[in-house]
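Number of protein chains: 4
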Amino acid sequence: MNKVKVSIVGSTGYVGAEVVHGFLNHPGVEFVYLTSETFKGKKFSDIYPVYRGLLDKKLVSTEDVSYETIGRNSDLVITALPHGVSSKVVPQLLDSGCRVIDHSGDFRYKDVNTYEKSYKLEHPKPELLKEAVYGLPEIYRDELKTARLVANPGCYPTCSIIALTPLLRNDPVLINRQGIIIDAVSGVTGAGRKEKLEYSFCELDEGFKPYGVTGHRHSTEINEQLSFISGDDSGKAVKAAFTPHLAPFKRGMLASIYCSPSQDFGNISTEKIIDLLTKFYENETFVRVLPKGVLPDVKNVSGSNYIDITGVYDEDTGLIKLFSAQDNLGKGAALQAIQTFNVMFGFPEQTGLSALTRGV
Amino acid sequence: MNKVKVSIVGSTGYVGAEVVHGFLNHPGVEFVYLTSETFKGKKFSDIYPVYRGLLDKKLVSTEDVSYETIGRNSDLVITALPHGVSSKVVPQLLDSGCRVIDHSGDFRYKDVNTYEKSYKLEHPKPELLKEAVYGLPEIYRDELKTARLVANPGCYPTCSIIALTPLLRNDPVLINRQGIIIDAVSGVTGAGRKEKLEYSFCELDEGFKPYGVTGHRHSTEINEQLSFISGDDSGKAVKAAFTPHLAPFKRGMLASIYCSPSQDFGNISTEKIIDLLTKFYENETFVRVLPKGVLPDVKNVSGSNYIDITGVYDEDTGLIKLFSAQDNLGKGAALQAIQTFNVMFGFPEQTGLSALTRGV
Amino acid sequence: MNKVKVSIVGSTGYVGAEVVHGFLNHPGVEFVYLTSETFKGKKFSDIYPVYRGLLDKKLVSTEDVSYETIGRNSDLVITALPHGVSSKVVPQLLDSGCRVIDHSGDFRYKDVNTYEKSYKLEHPKPELLKEAVYGLPEIYRDELKTARLVANPGCYPTCSIIALTPLLRNDPVLINRQGIIIDAVSGVTGAGRKEKLEYSFCELDEGFKPYGVTGHRHSTEINEQLSFISGDDSGKAVKAAFTPHLAPFKRGMLASIYCSPSQDFGNISTEKIIDLLTKFYENETFVRVLPKGVLPDVKNVSGSNYIDITGVYDEDTGLIKLFSAQDNLGKGAALQAIQTFNVMFGFPEQTGLSALTRGV
Amino acid sequence: MNKVKVSIVGSTGYVGAEVVHGFLNHPGVEFVYLTSETFKGKKFSDIYPVYRGLLDKKLVSTEDVSYETIGRNSDLVITALPHGVSSKVVPQLLDSGCRVIDHSGDFRYKDVNTYEKSYKLEHPKPELLKEAVYGLPEIYRDELKTARLVANPGCYPTCSIIALTPLLRNDPVLINRQGIIIDAVSGVTGAGRKEKLEYSFCELDEGFKPYGVTGHRHSTEINEQLSFISGDDSGKAVKAAFTPHLAPFKRGMLASIYCSPSQDFGNISTEKIIDLLTKFYENETFVRVLPKGVLPDVKNVSGSNYIDITGVYDEDTGLIKLFSAQDNLGKGAALQAIQTFNVMFGFPEQTGLSALTRGV
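Here it is in C-alpha cells:
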C-alpha cells in the first residue's frame, strides 16, 4: 500500500512535535516536509534529542519551500501555527490540492462573528468556516471521512464536549443548557514551547493558579459546539462558565463540570449517569467511561489519545458532576489529529496510537 | 514577661510539625511537651532533620506522660489528632485546666447531628460543641480571646469561608445562598504524613485528580459555617457543592468558587466585588485582597499564614467567580492556629508568623 | 507465526508492570499468566488504570497456579521478584522446561562468595550461577541467543558498564582499572512500588540526597562485570567507587563516571574518546553516542530502551569523564529484558520497543 | 540603635530577591534603595507578589539614582549583578564611601590571571582583588569584620570548601591535594531568573543532566581557595575535577566529593572523619555535621542558611567520600551574604536567619 504523504507545518512546537511523535510509528505515513522557521536547516532530532536516530530529518523553512510546493507534494498537511497565521496559510495549502488538519482556532467556529470577537481578528476567509469540519471523531466522524479542511478542536473544548455530549445530545436534552460550569486544569505544555519567564521551572513548580478567568477564547468554542450538539443550530443556547488553571505537571488536563439535570431527566442517580455515558460511547476506542467509584487521573491518560470520563449525582445539591481527563497534547491536540487522520484516510482509528500509553 | 507554656499532642504529623515550626520563632512561647506515639524517645530533629540544632527536644508518649499531666503543666495544648480521638482526649485536657486548640473535625460543628452524620461517629461530649469556638480570627476574633476550646477550621473550609464571607455576611446577603460551587485543589501535605502507596511520589508526580467528590466531610463544615455567616442560625441555608482535587505540589490550596449575585446586589462589576472584599478585610493582616487583573497563586502563600483572594464578575454568564489561595498547612491549619493563639493570649496577631513567607 | 508464550511473575511492581507495558505492543508475544500475590483476582488494569481496555487480564496468585504450571505453559517466564525469593523460584521454573529472565540480583554474579557477601544470603543453587548469562545484549549477545537463564542486569550496572566498556574492553585497556568513580542518580521508580514514608511525595519532592554510599550491592556487580570486560577472569581487577543518589523524578538514571587514561591510551582528546565510543557501538540500536557538545539528559531516554552516552577529556585534571543516561525501568530493567527476549527468540532487537520514546 | 542602611543593586533576580527576603525580618536593617533596571517604577511586591503587604517599596533604576547617590546614602550596598558589570559598578560604590558585598565572580580571585582566563574578561580594577575578602565567615571571619569589599562566594565553591576544609586546613594536610573529584547538583534557581527556553518547566521537569562539564568557572574559584586553605599561597596546589548537574527542584545543592587520605592521615575510619569535621565546626552555627548513618538531603536545608555535611570512609576503595547540602540561594548565595553582613556590622551571626528553615 502506498503511504500517505504528510507534511507538518510548525513541527517544533509542542503540538507539532507531538504530531511527529505520534506518526513516527504509524505504518501508513511518510513524512514529506517538516517545517520550522526558527530551526530551519537543523535536524528534528537536534531540537528534540529524544528522537536522535529515530527522526533525523532536516527541517525546512517556508521561505525556502513554498506552501504551494508543500501542499502539492503532500496528501495531507497538518498545521500547528498561531491563530491569525493559520487563516492565511491554510487557504494556500488547500488551493494546492492537499487536505489540511489545522490546530489553530481559525476554522473552529461556524459563526464568524463569534470568532472575530473571541480572537479580536478579522477572518480573511470566512467562507471556509462553513466547509471546515470540527475534528472530533466521536461527534463528526462521517463528515471527517471526506473533509478537505479539519479544524482540530481546542484542548479544553475536547474534554468539555466529550463529557457533556451524552447528556446534551438527546431529545429532550437531559441537563439544563444554562448554568453549566467548567473548571479545568492544564499541564504546562498547554502554554506551548515559549521563552517566557512565566513558564519557567522556578515560577511554576510548587505553584497552582487560575488564569484567563473571563473571556478565555475556548469559552466561545465550547459554547458554540455544545449548543450545536444540544440541537440548537444558532450556537447560542449554551452559556457555560469556563475557568482554566495551570498546574505543575507537563502533560494532561482535567475538567470538573457542574450541571443540573433537566426536568426530562427522570429519576437520577450516579449509576444512571454512568450508564448514559457508557452507552453513548460503547463503540468508541478512545473514550473510557470509568465505573462508579473510580475517578479520572491525568496520569492515566498521559502520553496517549485516551480520555477517561465519569459522572456522579450529588444528592445534597441536586447537581451532576462530570469529570474528564485527557492529555492536553494527546486527545486534546496532536493525537486527536492522528485519530482524525485515520478517519480521513481509512485506517483503523487506533493505528499508530495504541502504543502511546505510559506505564508509570 | 513569662512565656506561655505550650504542648503539642501529635507533634510529628505534618500539621503538628508545622505548629512546632511556627512557634519556633515565637518570642512568647515555651514548649512543655511534644508528644508522639510512633517516635517516642527520639528527638524531634531525628524525625525532621531540618530542625537539627534548632529543636532537639525529646518526644514523649502519652503512655508515659498522661493527658492530665500535660494539661496541668501547660497553659495551652494544641492537639493534632485524628477525629474520633480528639473528642476523647480534649475533654481530659480541658479538665486538667489548660486551654486547647484542636485540629480535628470533632469540635467544629454546632449541630451534633451534622457532625455524626458527616463523620459516622457518635460524639462522646456533644455539650462541648456549644462551648467550642470556631478558630477563624477574621470571623470570631472576640469569642476566641477568651475561648477555652478552639476548633481550628478545616483547610478547605477556611479558604471557602474567607472568600465568601464578605458577600454573605451582609444584610441583605449579596449572593444567592443556593447554587454555590466550590472547586478546590490541595497539595499533598493535606493528606497527612502517611505510609500509603497512593501518596507515594511515583503515584502522584505528573498526576492530577478529583477525590471525595460527594459527601466530603468538609462540605458540611463549610455549609454550616456559611449559613451562620449569612445570618441563618439553623446552619442549613447554604448548600454549596464542594469538590476537592489533589495536585502534585507539597503545600498550598486554591479554591475557585462560583456563585450568583442576589437581587440585592445592585449594579455589579469586578471592581465592585473587589471593593467589597477589600473593605471587609481592610484591617486584617493575613487576608490580602488582590487588585483587578491579579489572580492568586499558591506559590505566593506557600509556607505562610497569608490567604490571597479576589473576585471577578463574568458578564457572559452573570456569575461571580471568587478565588482564594492559602497554604493548606498555613492559614489552612497550623499557622492559623498560631494566629488564634496570638488572639487568645494577647499577642499581636502576626507574632512569630511574619517571617514565614517563602521567596522563590 | 506462533506467538511466544510469556508469563510475568510479580507483574504489578514497577519492573513487572513495565515488562507488561513493553510487551503490550510486541507482535510476537502472548501473555499466559500475570501473577500478583497482593492483587490476585483483580484485573491488571484495576492496579494500573492506564491500561483499562488495553489489558484487563486477571492476575493470578502462585498459591493458585504453581510455578510448575506456569513454567510448563510458558516458553519464557520473566520474574520480577525480590532477591532471595528469585533464587528459590527460578530453579522450579527452569525445571518445568521454560526459559527464564530474572530481574533480581540472585543470578548476576559468577562468584558465589561475592553474591553471598553482597546480599548477606546463602545461595541455594550456586551451580546455576555458571549457567546464567548476564543480560546485556551489547556484551553477551551470542550467549543470550541460547541462554536458558538470563540474569537481567541492575540499573546502575547497566549504565556504568555501557559507558566504560569501550575503554576497558581493549587490549591493552585504555583506562586504569583502579580509581574509577561512578556517581549516579536515579528516579524514584528505582525504589520500587512500596508503601514507605520515605518514598512519599512530600518526603521526596524538592529534595535530593545520596544513599547507600558504602557497600551498595550494585558496587560488586559493577566491579565483577567490569573486571571480566577488562580481561580479568577473576572478577577482582576493577574496584570502582560507586555512589547512588535519589532525585525527584519518576523515571531515569544518570551516571557521571570519572577515570584516568592508561599509559596505552596515547594522545587523548574528547574527540578521540567519542570516536572510540562511537565505533564500539556503531551497530547497536539502543546505545546512542552523543557528539561533542551534547550531553545526556534523562528526559531524552525516559520511557524508552535507549541509553545516551558521551565522554569528555578534562585537560585541567587529566581525567576522562563519561556520562550515560537511561531509563532505570527501561534499559535499566524491564525494556532491556525485552531487548534480550528479542535476542533469545529471534526477533529484531527493536521489536516492540521502538514506539516507547516520549516526546515532551 | 540605629539601623544599618542597606541598598540592593539588582534586587529582582533570584539572588537579589533572596537578599531582600532574608533582610525582611532582620531587626537591624533598613532598606534605602532597591534597584531594578527591568522593573523600575514598579513595587517590589509587583514582581514578587508573595511580599504584597510586606514589602511594597518602589524599585528605582540606576539611571535615575546614581551609584554615587546609592553609595553615599547607604552603609552597605549588596550587588547582585552579572560578572563584568560588578567590576565596573563596585568601584563607584566604594568611592562613595559605603561598604559592599558583591555576588559576582569579579572579586573572588586573588590571581587576576586566573580570573581573566576563567571569565574571558579583562579586569578593570585588579588592585581591588587584593583588598576584597572572600565572604566565607567560617574561614575568613576576622578579615570580614572590617572588610570594605566582600566577594560573596559562588554556590558550588561554598559547599565544596566547607566540606573539604577540615581535611585540608591542617598541617600536614590529611588528604591528597591531587585527585579530588567534586560532583555537584543544583536546583534551577541556580540558573537565575531568565526568559530562556532551557529553563522552562517543560524542558526541565522529569529531567536531569550534567552541564559545563569542563572549564566551569567555579572550578578555578574552588581550586584557588582550596589551595590557600591547604597552605599553598600560590593558589595552584589543588586541581579538583568539578562537574555540575541540573536537577528538577527549585532550591538546593548537593556536592558529593571524592578524595584520598594522605599518608599523614593515620588510621582512618568514618568515625574519625566525622570527628574531624565536628571538631572543626564545633563553634559554627550554620555548619551542621551529621552523625554516622545520616546523610545530607537538600530538603533539610532548603530556604535556610544551613549547610549539612558528613563524610564516610569507603574501605573497598580507600577513598573518603564527603557530602554537603545547602540551599544554593541560602548558604550558597544570599543568606551567606546576610551572615557576612552580621559579621561586618557586629550582629550575632544568626540574626534574621534563624526563622528561615522550611518544615515540610
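Chains as they are written, first to last, in the numbering used here: chain A, 1 to 360; chain B, 1 to 360; chain C, 1 to 360; chain D, 1 to 360.
Glycine included, every Cβ here is placed at the ideal spot set by N, Cα and C.
Do the segment 6-22 of chain C and the segment 191-206 of chain C make contact, defined as three or more Cβ pairs closer than 8 Å?
They touch, by the three-pair rule.
Which residues share a DSSP beta bridge with Ser269 of chain B?
Paired residue(s): none; Ser269 of chain B is not in a bridge.
Taking the alpha carbon of Tyr281 of chain A as the reference point, which residue from A:Gly252, A:Leu164 and A:Thr317 has its own alpha carbon closest?
A:Leu164
Note down, in chain order, every chain C residue with its Cβ under 9 Å from the Cβ of Tyr48 of chain A.
Asn300, Gly359 and Val360
The ligand SAH heavy atoms versus the CB of Leu81 of chain A: any closer than 7 Å?
The ligand SAH is absent from the structure shown, which contains no ligands of any kind.
For Phe341 of chain C, report the span of its beta strand (DSSP E) as first-last.
In this chain, Phe341 of chain C is not harboured by any beta strand (DSSP E); it is covered by the alpha helix (DSSP H) spanning Leu335 to Phe345.
Can you have a look at Pro244 of chain D and say buried or exposed, based on whether 16 or more other CB atoms are within 10 angstroms of its CB?
buried
With 16 other Cβ atoms within 10 Å as the buried cut-off, status of Ser269 of chain C:
exposed
Quick check: what's the CA-CA separation for Glu221 of chain C versus Pro82 of chain C?
16 Å
If we call anything under 8 Å between Cβ atoms a contact, is Glu378 of chain B one with Thr69 of chain B?
Outside the modelled stretch of chain B, which goes from 1 to 360, sits residue 378 of chain B, for which no answer is possible.
With a threshold of 6 Å on Cβ separation, who are the neighbours of Glu30 of chain D within its own chain once the five nearest residues in sequence on each side are excluded?
Lys3 and Lys5
Where Val20 of chain B falls: helix, strand or coil (DSSP):
In this structure, Val20 of chain B counts as helix in the three-state DSSP scheme.
Can you confirm whether Tyr211 of chain C, when its beta carbon is compared against all beta carbons of chain D, has any partner nearer than 8 Å?
yes
Interfacial residues, the segment 237-254 of chain B to chain A, with Cβ spacing under 8 Å:
Among the residues of the segment 237-254 of chain B, those with a Cβ less than 8 Å away from any Cβ of chain A are Lys239, Ala240, Ala241, Thr243, His245, Ala247, Pro248, Phe249, Lys250, Arg251, Gly252 and Leu254, in the order of the chain.
To the nearest angstrom, how far is it from the Cα of Glu284 of chain B to the Cα of Asp205 of chain A?
The straight-line gap from Cα to Cα measures roughly 29 Å.
Inspect the beta-carbon positions of Ser351 of chain A and Leu144 of chain A and report whether they are closer than 8 Å.
The residue asked about is misnamed: residue 351 of chain A is Thr in this sequence, not Ser. Using a Cβ distance threshold of 8 Å, Thr351 of chain A and Leu144 of chain A do not count as a contacting pair.
Would Ser230 of chain A be called buried (16 or more neighbouring beta carbons within 10 Å of its own) or exposed?
buried
Should Lys250 of chain B be labelled buried (16 or more other beta-carbon atoms within 10 Å of its own) or exposed?
buried
Which bits of chain C does Pro291 of chain D rub up against, with CB to CB less than 7 Å?
Against chain C, the beta carbon of Pro291 of chain D has no neighbour under 7 Å; the closest one sits roughly 14 Å away.
Could you give the distance in angstroms between the alpha-carbon of Asp316 of chain A and the alpha-carbon of Thr214 of chain B?
8 Å
Which runs of the beta strand (DSSP E) spanning at least 3 residues fall entirely within the segment 267-333 of chain C, listed in chain order?
287-289, 307-314 and 319-326
Measure the Cβ-Cβ separation of Ile180 of chain B and Val238 of chain B and say whether it is below 8 Å.
yes
Which residue wins for smallest C-alpha separation from Glu127 of chain D, given the options D:Tyr211, D:Pro291, D:Val20 and D:Tyr109?
D:Tyr109
In chain A, which residues lie with their C-beta within 7 Å of the C-beta of Ile32 of chain B?
The identity of residue 32 of chain B in the sequence shown is Val, whereas the question assumes Ile. Within chain A, no residue comes near Val32 of chain B; the closest Cβ sits about 34 Å away, beyond 7 Å.
Which of the three DSSP states is assigned to Arg141 of chain C in this structure?
helix
Going along chain D, which residues have a C-beta under 8 Å from Leu204 of chain A?
Phe201
With H, G and I counted as helix, E and B as strand and the rest as coil, what does DSSP make of Ile182 of chain D?
strand
I'd like to know if Asn25 of chain D contacts chain B, where contact means its C-beta is closer than 8 Å to some C-beta of that chain.
yes
Please identify the residue among A:Val289, A:Val9, A:Val19 and A:Ala241 whose C-alpha is closest to the C-alpha of Leu329 of chain A.
A:Val19
Would you mind telling me which residues of chain B sit closer than 9 Å to Leu329 of chain D, beta carbon to beta carbon, in chain order?
Gly359 and Val360
Can you tell me where the alpha helix (DSSP H) with Ser45 of chain C in it begins and where it stops?
Here the alpha helix (DSSP H) through Ser45 of chain C covers Phe44 to Ile47.
Since Glu30 of chain B is in the beta strand (DSSP E), which residue starts that stretch and which ends it?
Val29 to Thr35
Within 10 Å of its beta-carbon, does Thr146 of chain D have 16 or more other beta-carbons around it, so buried, or fewer, so exposed?
exposed
Using a Cβ-Cβ distance cut-off of 8 Å, determine whether Asp297 of chain B contacts chain A.
yes
Please classify Asn305 of chain D as buried or exposed, where buried requires at least 16 other C-beta atoms within 10 Å of its C-beta.
buried
Quick check on DSSP: helix, strand or coil for Thr12 of chain B?
Residue state, collapsed to three classes: coil.
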